[in-house]
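>
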Amino acid sequence: AQSVTQLGSHVSVSEGALVLLRCNYSSSVPPYLFWYVQYPNQGLQLLLKYTSAATLVKGINGFEAEFKKSETSFHLTKPSAHMSDAAEYFCAVSGGGGFKTIFGAGTRLFVKA
Amino acid sequence: EAGVAQSPRYKIIEKRQSVAFWCNPISGHATLYWYQQILGQGPKLLIQFQNNGVVDDSQLPKDRFSAERLKGVDSTLKIQPAKLEDSAVYLCASSLDEGEAFFGQGTRLTVV
Chain A
21 AQSVTQLGSH
31 VSVSEGALVL
41 LRCNYSSSVP
51 PYLFWYVQYP
61 NQGLQLLLKY
71 TSAATLVKGI
81 NGFEAEFKKS
91 ETSFHLTKPS
101 AHMSDAAEYF
111 CAVSGGGGFK
121 TIFGAGTRLF
131 VKA
Chain B
99 EAGVAQSPRY
109 KIIEKRQSVA
119 FWCNPISGHA
129 TLYWYQQILG
139 QGPKLLIQFQ
149 NNGVVDDSQL
159 PKDRFSAERL
169 KGVDSTLKIQ
179 PAKLEDSAVY
189 LCASSLDEGE
199 AFFGQGTRLT
209 VV
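From first to last, the protein sequence lines are chains A and B. Counting from 21, one number per residue, gives the positions in the first sequence under our numbering. Counting from 99, one number per residue, gives the positions in the second sequence under our numbering.
1. Tell me which residues share the same chain as Phe200 (chain B) and place their Cβ nearer than 7 Å to its Cβ, disregarding the 5 neighbours each side in the sequence.
2. Express the C-alpha separation of Thr127 (chain A) and Gly170 (chain B) in angstroms, rounding to a whole number.
3. Thinking C-alpha only, which one of A:Ser47, A:Phe110, A:Lys98, A:Gly63 is nearest Ser90 (chain A)?
4. For the ligand GTP, any of its heavy atoms closer than 7 Å to the Cβ of Gln22 (chain A)?
5. Does the distance from the CB of Arg206 (chain B) to the CB of Tyr131 (chain B) come in under 8 Å?
6. Could you compute how far the alpha carbon of His95 (chain A) sits from the alpha carbon of Leu41 (chain A)?
7. Comparing the C-beta of Leu67 (chain A) with each C-beta of chain B, is any distance below 8 Å?
8. Starting from Val153 (chain B), trace the beta strand (DSSP E) both ways and give me its first and last residue.
9. Which of the residues in the segment 39-70 of chain A, read from start to end, lie with their CB under 9 Å from any CB of chain B?
10. Taking contact to mean at least 3 C-beta pairs separated by less than 8 Å, is the segment 134-143 of chain B in contact with the segment 67-79 of chain A?
11. Any Cβ of chain A within less than 8 Å of the Cβ of Glu198 (chain B)?
12. Is it the case that the Cβ atoms of Asn137 (chain A) and Ser93 (chain A) are separated by a distance below 8 Å?
13. Suppose you measure from the CA of Gly126 (chain B) to the CA of Val209 (chain B); what does that come to, to the nearest Å?
14. How long is the line joining the alpha carbons of Val24 (chain A) and Gly124 (chain A), rounded to whole angstroms?
15. Identify the contact partners of Lys120 (chain A) in chain B, using a Cβ-Cβ distance below 7 Å as the criterion.
Structure representation (structure tokens):
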């Protein structure tokens, strides 16, 4: 069985500050892990994914995430927030091969000028 | 490359009416998903198809929801009869394998 917990339903940062969105997972098999972003009235767009290669994954728009097996975490970071980063972010886990993709509840990121 | 197409974008119906949503996945993607996203929550998987076979429908309320994927390409999701709590965005997604999923823009359903 798999599950995802996103810590913090809302995160607020100032423009130019570090963005850190937390995600912890559980999985009965080696996981595939994803971060998606959703803008208002839009579908989900993949930011980055981990599929058992390098543990530090770089994605689009300057985001990256690090897979830490010992901590069962896959936190999303960006060194410097931009106003356009304001959106809802979802962490997801899949086991591949017959396992469904499970999403966390989401974290809404606010960026202050 | 064309993305996942969904229609309609918006739908308002009265409770106890029926409604259907359509999804056309990315060409060549064998796996198709329907998710329900209630306001303020993450997407919840309703059903997953591999080609035209159902892989997982454990969270599909089968007394009122049904889905099909004839010929293993496009898919329809139906609700009959609708309840107020069915108000949500219904997202369709497709993938080549069971890793990265590509999402459509969704259909926002309001049941009044």
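Quick reminder that beta carbons are idealized off the backbone N, C-alpha and C, glycines included.
Taking the coordinates as given:
1. Taking the first residue of the second sequence as 1, we reach residue 200 (chain B) at position 102. Excluding sequence neighbours, Phe200 (chain B) sits near Gly101, Val102, Ile124, Ala191, Ser192, Ser193.
2. Position 72 of the second sequence, counted from the first residue, corresponds to residue 170 (chain B). Position 107 of the first sequence, counted from the first residue, corresponds to residue 127 (chain A). Taking the straight line from one Cα to the other gives about 34 Å.
3. Working through the first sequence from its first residue, we reach residue 90 (chain A) at position 70. Selected option, being the one with the closest Cα: A:Ser47.
4. The ligand GTP is not among the ligands present in this structure, which contains no ligands whatsoever.
5. Start at 1 with the first residue of the second sequence, and residue 206 (chain B) comes out as number 108. Start at 1 with the first residue of the second sequence, and residue 131 (chain B) comes out as number 33. The answer is no: Cβ separation not under 8 Å.
6. Taking the first sequence and counting its residues from 1, one reaches residue 95 (chain A) at position 75. Taking the first sequence and counting its residues from 1, one reaches residue 41 (chain A) at position 21. For His95 (chain A) and Leu41 (chain A), the distance between alpha carbons rounds to 6 Å.
7. To locate residue 67 (chain A), count along the first sequence from 1; it is residue 47. No, Leu67 (chain A) does not count as interfacial toward chain B.
8. If you number the second sequence from 1, residue 153 (chain B) lands on position 55. In the DSSP assignment, Val153 (chain B) falls within the beta strand (DSSP E) that extends over 151-154.
9. From the segment 39-70 of chain A, only Tyr52, Phe54, Tyr56, Gln58, Asn61, Gln62, Gly63, Leu64, Gln65, Leu66, Lys69 have a Cβ closer than 9 Å to chain B.
10. no
11. Position 100 of the second sequence holds residue 198 (chain B). A Cβ of chain A is located within less than 8 Å of the beta carbon of Glu198 (chain B).
12. Residue 137 (chain A) falls outside the range modelled here, since chain A spans only 21 to 133, and no answer is possible.
13. Residue mapping note: residue 126 (chain B) aligns to position 28 of the second sequence, counting from 1. Residue mapping note: residue 209 (chain B) aligns to position 111 of the second sequence, counting from 1. Their backbone Cα atoms lie some 34 Å apart in a straight line.
14. Counting from one through the first sequence, the residue named residue 24 (chain A) turns up at place 4. Counting from one through the first sequence, the residue named residue 124 (chain A) turns up at place 104. About 5 Å.
15. Looking up residue 120 (chain A) in the first sequence gives position 100. Chain B residues near Lys120 (chain A): Leu143, Gln146, Asp154.
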